[in-house]
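Numbering (the numbering used here), first residue to last: 35 to 363.
Here the structure comes first, spelled out in C-alpha cells, and everything after it is commentary.
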Ligand code: ISE
C-alpha cells in the first residue's frame with residue numbers, strides 16, 4: 035500500500051454506517067471516499083457532516099476506493115461483499131456477514147479463490163476492553179470448560195427468535211467461539227413467549243473442545259448490558275462490571291443502565307475501525323474473518339431449527355479452508 039491515505043467508501047448511512055463514517059473521518063491514515071445510500075436526505079446529511087460526497091448506489095463507488103464498509107440492511111450484505119471481492123477491495127462487513135448460509139458459503143469460496151483474506155466481519159466484542167481482559171486471562175488457564183454469555187437488550191418492538199439470533203445473539207455465538215478457541219458443535223434452543231411475543235432465548239451449546247456454553251438473551255430488558263464469564267481447567271474469569279457512578283438517594287443505592295449498545299461500546303467501535311485500517315495498511319487482515327461470519331451464521335440457523343424441532347441439533351460446518359488457520363490460531 036502506498037503512503038497516501040486509504041480511501042474508504044461507506045455503504046449504508048443508518049446508525050452503524052454513521053458510527054463507522056464518523057470514526058474513520060477522525061482517524062489518521064484514511065479518508066472517506068464517499069457514503070452511499072438510496073435515501074438522499076440521510077446520505078447528503080452524513081456526507082456533509084463527515085466532509086465527503088453522497089452517492090445513491092454503493093456499487094458505483096467501488097472503482098473509487100481501496101476499502102469499503104458495508105453497513106446497509108443485512109439482506110444486501112452479500113451482493114456488495116461479492117462485488118467488492120471481485121475487485122479485490124478490503125471489506126469490513128457489519129454482522130451478520132449474510133442473511134443466509136448459502137450466501138456465506140459463496141463469499142467464503144470467492145475469498146478462498148483469491149487466496150488472501152480481504153474480509154473482516156463486525157464482531158466487535160473482540161475489541162471491547164472488558165472482553166479482551168477475559169480473553170487475555172484465559173491464556174494461562176488451560177482448556178475452557180464453560181462460557182456463559184448474558185446479553186440484555188432493549189429492543190423497541192417484538193422480533194421473531196430467528197431475527198434475535200442473526201441480529202443480536204450472533205455476537206454471543208462469536209464470543210463463545212473466540213473465547214473457547216473451538217467451534218460450537220451442537221445447540222439446543224429454548225425460548226419464552228409472553229403477550230408482546232418472544233422475549234427471552236436460552237442457547238445451550240456443546241463445544242468441539244469438549245466444553246459447554248450457555249447464552250442467555252433477554253430482548254426486553256430494563257437496560258442494555260452484556261457480560262461474559264468463563265470457567266477453564268485452572269480458573270474462572272468474570273468480565274469486569276462497566277464503570278458507572280453509584281448513586282445513593284432516598285434510602286436506595288443504584289446506578290443508571292444504558293438505553294442501548296451505543297454508549298457502552300463507543301470506544302470499542304473506534305478501536306475496531308482503528309484495528310481494521312491498521313491491518314489493511316500492514317497488508318494482513320487480522321480481525322474476525324469470513325470464516326467466523328460463516329460459522330456463527332451456521333450456529334444461528336441451527337439454533338433456529340432447534341427452536342422448531344424442540345431438540346438439540348448438530349451444527350454442520352464445511353471443512354475449514356487453510357486460509358483461515360485453525361480455531362486455535
Ligand atoms: C445490535 O445490532 C448490536 O450489534 C449490538 O451489539 C447488540 O448487542 C444488539 O443486540 C443488536 O441489536
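C-beta atoms are modelled at their ideal positions from N, C-alpha and C, and glycine is treated no differently.
Nearest-angstrom Cα separation, counted from residue j out to residue i
i: residue 80; j: residue 54; result: 11 Å
i: residue 304; j: residue 57; result: 6 Å
i: residue 94; j: residue 65; result: 18 Å
i: residue 170; j: residue 246; result: 20 Å
i: residue 211; j: residue 283; result: 42 Å
i: residue 144; j: residue 352; result: 15 Å
i: residue 207; j: residue 37; result: 38 Å
i: residue 177; j: residue 196; result: 31 Å
i: residue 127; j: residue 103; result: 6 Å
i: residue 233; j: residue 198; result: 9 Å
i: residue 313; j: residue 319; result: 5 Å
i: residue 194; j: residue 39; result: 43 Å
Contacting residues, own chain, Cβ-Cβ under 6 Å from residue i (five flanking each side not counted)
i: residue 360; result: none
i: residue 242; result: 216, 217, 219
i: residue 306; result: 158, 161
Neighbourhood of residue i by C-beta, 7 Å cutoff - its chain only, sequence neighbours within 5 removed
i: residue 168; result: 213, 262, 264, 271, 273
i: residue 279; result: 289
i: residue 131; result: 111, 138, 141, 155, 324, 327, 328, 331
i: residue 118; result: 96, 102, 125
Beta strand (DSSP E) segment containing residue i, residue limits
i: residue 283; result: 281-283
i: residue 66; result: 64-70
i: residue 185; result: 178-188
Chain C within 8 Å of residue i, Cβ atoms only
i: residue 171; result: Annotation note: the requested chain C is absent from the structure, which comprises a single protein chain.
Simplified DSSP state of residue i, which is helix, strand or coil
i: residue 136; result: helix
i: residue 15; result: The structure shown does not extend to residue 15, since the chain is modelled only from 35 to 363, so the question has no answer here.
i: residue 252; result: strand
i: residue 349; result: coil
i: residue 365; result: Because the chain is modelled from 35 through 363, residue 365 falls outside the range shown and cannot be assessed.
Cβ neighbours of residue i in the same chain (closer than 8 Å, five flanking residues each side left out)
i: residue 49; result: 296
i: residue 266; result: 172, 175, 176, 177, 178, 179
i: residue 203; result: 185, 235, 237, 249, 251, 334, 337
Segments of 4+ residues assigned as alpha helix (DSSP H) that fall wholly inside the region 98-128
Within the region 98-128, the complete alpha helix (DSSP H) runs of at least 4 residues are 111-120.
What are the uninterrupted segments assigned as alpha helix (DSSP H) that are 4 or more residues long and contained completely in the region 265-323, given in chain order?
Complete alpha helix (DSSP H) runs here, min 4: 296-315.
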